[in-house]
Amino acid sequence: MQTSQSLVMENEIDEVKGKSLDYIVFWLGFTLNISQVFFGINIAVSDFFMVFLFIHLLVLRKIYFTKNTLLFFMLVIALRLISTIYLSVFLNISMSAMSILITFQKFVMGLLYFTITISVAKKNPNLKQLVFKGLKYGAFILGGISLVLFAVGPTILRTFILFGDMRLKGFMNDPNYFAYLQICGYCIWAMKPFRAKVINMVAGVVFVSSILLSASKTGLIVFLLLNLLLLGKKIISVKLQLRRLTVAVLFLGIGLSLFYLFFDQVIYTVARFTQTIPQLARLNVVFSNFNGAINDGGSGRFQAWETAEELITGTHFMGIGFMDYSAVARSISGSPIIAHNTFLQLAVEWGVLPLIFGLFFVLKASINKLLQKNWLLLFLITINLVFSFSVSLQNSRLLWIVLAMLFIKEDSGRMTEKITIKQTE
Numbered sequence: 001m002q003t004s005q006s007l008v009m010e011n012e013i014d015e016v017k018g019k020s021l022d023y024i025v026f027w028l029g030f031t032l033n034i035s036q037v038f039f040g041i042n043i044a045v046s047d048f049f050m051v052f053l054f055i056h057l058l059v060l061r062k063i064y065f066t067k068n069t070l071l072f073f074m075l076v077i078a079l080r081l082i083s084t085i086y087l088s089v090f091l092n093i094s095m096s097a098m099s100i101l102i103t104f105q106k107f108v109m110g111l112l113y114f115t116i117t118i119s120v121a122k123k124n125p126n127l128k129q130l131v132f133k134g135l136k137y138g139a140f141i142l143g144g145i146s147l148v149l150f151a152v153g154p155t156i157l158r159t160f161i162l163f164g165d166m167r168l169k170g171f172m173n174d175p176n177y178f179a180y181l182q183i184c185g186y187c188i189w190a191m192k193p194f195r196a197k198v199i200n201m202v203a204g205v206v207f208v209s210s211i212l213l214s215a216s217k218t219g220l221i222v223f224l225l226l227n228l229l230l231l232g233k234k235i236i237s238v239k240l241q242l243r244r245l246t247v248a249v250l251f252l253g254i255g256l257s258l259f260y261l262f263f264d265q266v267i268y269t270v271a272r273f274t275q276t277i278p279q280l281a282r283l284n285v286v287f288s289n290f291n292g293a294i295n296d297g298g299s300g301r302f303q304a305w306e307t308a309e310e311l312i313t314g315t316h317f318m319g320i321g322f323m324d325y326s327a328v329a330r331s332i333s334g335s336p337i338i339a340h341n342t343f344l345q346l347a348v349e350w351g352v353l354p355l356i357f358g359l360f361f362v363l364k365a366s367i368n369k370l371l372q373k374n375w376l377l378l379f380l381i382t383i384n385l386v387f388s389f390s391v392s393l394q395n396s397r398l399l400w401i402v403l404a405m406l407f408i409k410e411d412s413g414r415m416t417e418k419i420t421i422k423q424t425e
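Take the sequence shown: its position 321, counted from the start at 1, is 321 in our numbering, and no numbers get skipped.
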């Protein structure tokens with residue numbers, strides 16, 4: 001009788017622990033949408049939930065890593081340390097220990113999110129969906145609050161959620177990152193909408209409005225591309241009759257033809273409309289002058305990319321290690337501008353070879369997900385990859401979570417090492 005009662009109590013305790021873990025994972029995803037810079041360090045509220053999860057799983061001896069990813073990141077760390085020493089000694093570039101520590105902290109933070117995501121998925125595969133659920137709710141609710149403050153909020157609160165008195169940045173420190181998270185939240189919502197139709201109508205307005213008011217030109221391009229992908233998926237997933245499919249293709253062709261024929265008139269009309277809304281006026285250049293969209297209006301991407309190229313060749317393709325990007329850039333090229341491109345940024349920080357190997361692993365894992373028809377993860381990867389061409393996402397917590405999701409299934413049979421003194425598997 002005592003044994004039976006003990007088993008019941010243990011089951012109840014495990015159930016409570018399981019629910020508590022669910023809440024923590026959900027709120028980690030939710031608070032990815034809240035991030036600010038303090039003393040030069042970008043801190044997100046989700047970091048506190050991540051640290052709690054890490055300690056919790058560490059106590060339970062449930063921290064997992066995969067062989068391939070462990071070896072890869074050990075190699076990256078070793079090469080970055082070598083590059084740091086090389087720059088300090090041979091190129092005579094001095095750097096404070098604090099700046100190196102901050103750069104190292106950013107890299108370790110990404111690795112922790114990567115490791116925690118794999119460990120949580122190993123403990124309970126259903127938990128990984130809670131991260132996306134939390135992100136969806138966070139983007140919707142915090143985006144909605146930001147819109148209300150933008151419309152009717154007092155000046156002090158409007159200043160908090162605006163960048164440069166115009167661009168909506170929500171509870172993030174940068175409007176581009178805000179647009180990035182809103183688009184990811186929109187993607188999850190489009191694939192897994194809310195149950196209530198009224199809430200879905202409100203969510204549609206919130207997501208579209210917040211993305212446009214962020215005035216992110218990259219965000220607009222990614223948003224349009226994502227909607228094309230979602231439309232394509234819907235068309236191929238719905239079994240349309242040949243007649244209806246033919247009519248749909250015909251109307252699409254007519255619409256594109258008319259847009260091409262009256263392109264100038266359309267652009268003129270859009271320009272007249274957007275002149276009354278500064279955020280939309282900034283986005284209008286995407287259609288009227290794409291080259292200007294990349295290089296003007298505060299973007300200056302070409303100059304940033306040229307600086308990154310100088311750093312890559314100036315360090316003999318080894319990268320700058322854990323040194324501060326802006327400081328090394330100022331020393332080598334005379335310009336402290338960061339790359340504004342994740343691939344170039346990683347080539348500068350990690351070195352060219354680690355970047356090539358990393359992209360190969362990502363491509364291989366993405367093909368596996370394509371074969372499994374994991375559309376949500378593929379769309380999120382697409383968002384991250386396209387955004388990466390004009391925004392530096394190497395320290396994005398969500399990017400590391402998505403990458404971990406990408407490798408979970410592939411290495412599920414080989415997640416056998418635990419961080420313990422004695423390996424048990």
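All C-beta atoms in this analysis are idealised placements derived from N, C-alpha and C, irrespective of residue type, glycine included.
All figures in this text were calculated on a predicted structure; none of them were measured in a lab.
Residue j beta carbon less than 9 Å from that of residue i
i: residue 332; j: residue 319; result: no
i: residue 81; j: residue 321; result: yes
i: residue 352; j: residue 311; result: no
i: residue 164; j: residue 182; result: no
i: residue 130; j: residue 25; result: yes
i: residue 93; j: residue 304; result: no
i: residue 356; j: residue 307; result: no
i: residue 392; j: residue 345; result: yes
i: residue 115; j: residue 54; result: yes
i: residue 59; j: residue 350; result: no
i: residue 161; j: residue 146; result: yes
i: residue 57; j: residue 108; result: no
For residue i, three-class secondary structure by DSSP
i: residue 129; result: helix
i: residue 41; result: strand
i: residue 387; result: helix
i: residue 207; result: helix
i: residue 60; result: coil
i: residue 407; result: helix
i: residue 168; result: strand
i: residue 393; result: coil
i: residue 273; result: The predicted model places residue 273 with a pLDDT of 49, which falls under 50 and marks its position as unreliable; any figure quoted below should be read in that light. Residue 273 falls in the helix class under three-state DSSP.
i: residue 360; result: helix
i: residue 70; result: helix
i: residue 54; result: helix
i: residue 182; result: helix
i: residue 372; result: coil
i: residue 322; result: coil
i: residue 214; result: coil
i: residue 335; result: coil
i: residue 65; result: strand
i: residue 150; result: helix
i: residue 119; result: helix
i: residue 163; result: strand
i: residue 35; result: strand
i: residue 192; result: coil
i: residue 93; result: coil
i: residue 298; result: Residue confidence for residue 298 is low, a pLDDT of 49 falling below 50, so the modelled location carries little weight; the figure read from the coordinates is stated next. Looking at residue 298 - three-state DSSP - the assignment turns out to be coil, as it is neither helix nor strand.
i: residue 47; result: helix
i: residue 20; result: helix
Which listed residue (the options) has its alpha carbon closest to that of residue i
i: residue 216; options: 208, 202, 233 and 167; result: 167
i: residue 104; options: 133, 90, 78 and 125; result: 78
i: residue 90; options: 316, 29 and 187; result: 316
i: residue 407; options: 197, 64 and 356; result: 64
i: residue 402; options: 22, 19, 21 and 32; result: 32
i: residue 202; options: 301, 227 and 186; result: 186
i: residue 87; options: 368, 324, 395 and 354; result: 324
i: residue 49; options: 27, 193 and 117; result: 27
i: residue 143; options: 226, 212 and 54; result: 212
i: residue 23; options: 152, 126 and 226; result: 126
i: residue 133; options: 246, 255 and 30; result: 30
i: residue 128; options: 339, 354 and 21; result: 21
Same chain, Cβ closer than 7 Å to residue i, neighbours up to 5 away in sequence not counted
i: residue 389; result: 341
i: residue 222; result: 183, 383, 386 and 387
i: residue 298; result: Bear in mind that the predicted position of residue 298 carries a pLDDT of just 49, short of 50, making it unreliable; the figure below should be weighed with that in mind. So no residue of the chain qualifies.
i: residue 200; result: 193 and 194
i: residue 2; result: Since pLDDT at residue 2 reaches only 49, below the 50 mark, its modelled position is unreliable, and the value read off the structure follows with that caveat. Result list for residue 2: empty, nothing under 7 Å.
i: residue 309; result: none
i: residue 158; result: 149 and 150
Cutoff 8 Å; reference residue i; Cβ partners in own chain excluding five residues on either side
i: residue 16; result: The pLDDT assigned to residue 16 is 48, lower than 50, so where the model puts this residue is not dependable; a value taken from the coordinates is nonetheless given after this. None.
i: residue 375; result: 191 and 233
i: residue 429; result: In the structure displayed, the chain extends from 1 to 425; residue 429 sits before or after that span and is not available.
i: residue 43; result: 35, 36 and 37
Residue i Cβ short of 8 Å to the ligand PLP heavy atom set
i: residue 91; result: You won't find the ligand PLP in this model; it holds no ligand whatsoever.
Cβ of residue i within 9 Å of any chain C Cβ
i: residue 23; result: The chain labelled as chain C is not found in the depicted structure, where only one protein chain is given.
Own chain, CB closer than 6 Å to residue i, minus 5 neighbours either side, in chain order
i: residue 399; result: 384 and 393
i: residue 330; result: 336
Item to complete: Determine, using beta-carbon pairs with one atom in the segment 90-105 and one in the segment 382-394, whether at least three such pairs fall under 8 Å.
Response: no
Worksheet item: Are at least three pairs of beta-carbons, each pair with one atom in the segment 61-72 and one in the segment 351-370, less than 8 Å apart?
Response: yes
Worksheet item: Between the segment 173-191 and the segment 133-153, do at least 3 Cβ pairs fall closer than 8 Å?
Response: yes
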